[in-house]
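Heads up: the structure comes next, in structure tokens.
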Amino acid sequence: MIQKQIVGSKLFYIILCGLIFSCNSIKKNKKYNYFNGQAYYNNKLNISGIFFGDIDFYENVEYEPIKELDSFRQIKKKELIVYGKSNEIPLYEIFVFYHKKKMTNTKIKLQETVTMLLNDAKNNLVLFEKTNKVQSFYVLIKSIGKHKSNTSILSDAKSIVSSMKFDSVVQEEISYMDIFNSVKSKNNILLIKNKLETAPIVKDEKNEWIKFQLLTTVLSFDSEYQQYNELMSRFESKRKTFFNTFFKKEQFKDVLTGKRTTNDAVVEKIAEIASNRKVVMLNEMHWKPEHRILAYKLLKPLREKGYSYLAIEAIDKGKDTLINKRKFPISTSGYYTREPFFGSLIREACSQGFKIVSYDDIESDNREKTQAFNLKKIFDNDSTAKVFVYAGIDHILESSENNSDKRMAQYFNELTNENPLTIDQVEIVSDNDVELELFNSKLFSDDEKINSNVDYFVINNVKPSYLQLQDFKLKTLFIEDVALKEYENTEVLVLLYNIKEYAKYNARAIPLQYRIKKIANQGITIEVPKGDFYMVIKDVYDKSLFSRELSNH
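Following my numbering, the numbering of the sequence shown begins with 9 at its first residue and continues without gaps.
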């Protein structure tokens, strides 16, 4: 393991003025924990530390007393502040307890000390204390499985306890991106939202933009949630004003006079144009689920035109080699693919007979060129291939002013001499009362504010809904349970899983639906599609409140 270390004792004076601190408050203050990579910080308690990068941390885990520690009365269940598990050898559980004494007005000279309290080789337990006589950390490591010695866990425990700091202020070391990375493995978007919104990070233009992008991406998993729609409305308001004026030009009079094409006609037109190409590239904004619905609608007509590969940027290359066998994504497939409509896109593609291909490599020195090379490999292995590429934002731009600005589509054309059909549904946003509309990019070429280096633009105002995917009505259900009583008028997260996928993969399964709902009358009202499901309800700290099989036919 590699770890930064903060070690050494510190001699200082502190004035303690009638401080009152209880075990119950420790438990409540766990919600102020933040993990920035290896760094840990609790901004309510002003404590911090450095952990190892291969430790996964968990919310709402209670400490179950270990009999070998019965004599250590300072280890109190309610004072557990951090719990984690290592995911690499040596495998162990780590518990960090924090205690602060009740004090009256006094001036005390404080000396920090680190002491090993237990080294139990028989049971593979080690316990360290760091204290300044007023505050104390207890770091307990318990091996997972039996080991011949405690050498590794002794070293890790000593390093971690030595790094722990009292009265610490480290906001400048915390970033929104690293906080997101520390919790993104969880499917609890309510928890992630809370971590981003309460993080003790200095507000400036750069930080707020990063926060917006992360928060909007997370909340897009529930596109009915009011806050998500408010964020999107603010984000697109200026752009919509620009295009609302732009569309008053003569070439767009059919749109303004109501001579509109239907959604099906738009899909059929794209498929018709694509029939004479070997590659069609469609892009998406990563926080707009409606973009995945257009991709979903294109699957069947493109399959009928001979397309048999669906290349998806959002699937991490090499991390999910079994997706074509499994025929649906799981949590390790990628992050954006956890969004319900993205999951539906992949399931439908597999059912239509598409082979899913991952082609992105974010670690590459030239990501755009690497993407193009990986797409070229499809044709190297199958000269008859026809490929539907689903990419992010600007990767589908076909030309640039200089080599440094080249995008994937341009590299692909140069490498293969294949001219892809490129369709952009990100660039144009509009208040026009149309769900889908297709435009030749030449209509926009005279305006420098519009990047028209694609073949076509699409306006996509589709409302994300299962009604867009399947022809049946949703059913409204009221889910109630006495366990929800204490959460009355509180927001909770409702997760709806395919029952077979959940039975096999549990929390690694991708929900068919995320809904942030407020408890009322000890329950929630929710619309669900037809099928057999497994429903889970969690609170903002990832505590499971309700889990049950659900059938709607």
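For glycine and all other residues, C-beta sits at the position ideal for the given N, C-alpha and C. This one's a predicted model, so the numbers in the text were calculated from it and none came from an experiment.
Where residue i falls: helix, strand or coil (DSSP)
i	result
Asp413	helix
Gly361	coil
Asn468	strand
Tyr542	strand
Ser30	Because the pLDDT at Ser30 is just 38, under 50, the model does not fix this residue reliably, and the value given afterwards should be weighed accordingly. It is coil, neither helix nor strand.
Asp64	strand
Gly351	helix
Thr270	coil
Met563	The shown model of the chain, from 9 to 561, leaves out residue 563, and the question about it has no answer.
Asp128	strand
Ser56	strand
Straight-line gap, residue i to residue j (C-alpha atoms, nearest Å)
i	j	result
Glu356	Tyr100	40 Å
Met293	Val434	6 Å
Gly400	Asn158	48 Å
Asn8	Val104	This structure cannot settle anything about residue 8, because the visible part of the chain is limited to 9 through 561.
Ser559	Asn271	32 Å
Ile182	Ile436	35 Å
Ser552	Glu70	13 Å
Arg346	Ile323	10 Å
Asn8	Val147	With the chain running from 9 to 561 in the structure shown, residue 8 is simply not present.
Leu429	Tyr474	28 Å
Ile320	Tyr398	5 Å
Asn51	Asn41	7 Å
Phe362	Phe486	38 Å
Met240	Asn469	12 Å
Ala528	Gln143	41 Å
Val563	Tyr505	A query on residue 563 cannot be resolved here, the shown segment of the chain reaching from 9 to 561 and no further.
Asn54	Ser176	5 Å
Element boundaries [beta strand (DSSP E), containing residue i]
i	result
His107	100-108
Ala319	317-324
Thr378	It is not in any beta strand (DSSP E) - Thr378 instead sits in the alpha helix (DSSP H) that spans 375-389.
Phe43	41-44
Leu558	552-560
Asn252	That residue, Asn252, is in no beta strand (DSSP E); its alpha helix (DSSP H) goes 234-254.
Phe447	444-448
Asn50	47-50
Unbroken alpha helix (DSSP H) run spanning residue i, endpoints
i	result
Ala511	507-513
Lys333	331-334
Ile401	That residue, Ile401, is in no alpha helix (DSSP H); it is neither H nor E in DSSP.
Glu72	Here Glu72 belongs to no alpha helix (DSSP H), and DSSP marks it neither H nor E.
Thr159	159-171
Leu204	197-206
Within 8 Å, strictly: CB atoms of residue i and residue j
i	j	result
Ile338	Gln476	no
Phe68	Asp402	A quick correction: the sequence has Asn, not Phe, at residue 68. Their beta carbons are not under 8 Å apart, which means Asn68 does not touch Asp402 by this criterion.
Leu223	Lys201	yes
Ser231	Pro519	no
Val462	Asp432	yes
Ala279	Leu310	yes
Thr563	Lys327	For residue 563 there is no data in the structure shown, the boundaries of the chain being 9 and 561.
Lys84	Ile63	no
Strand pairing of residue i, partner residues [DSSP]
i	result
Arg523	Val502
Val147	Val104, Phe136
Glu488	Gly531
Leu88	Phe105
Ala303	Answer is none; Ala303 lacks a bridge partner.
Ser183	Note: Ser183 sits in no beta bridge, so no partner.
Asp432	Phe465
Ser94	Ile63
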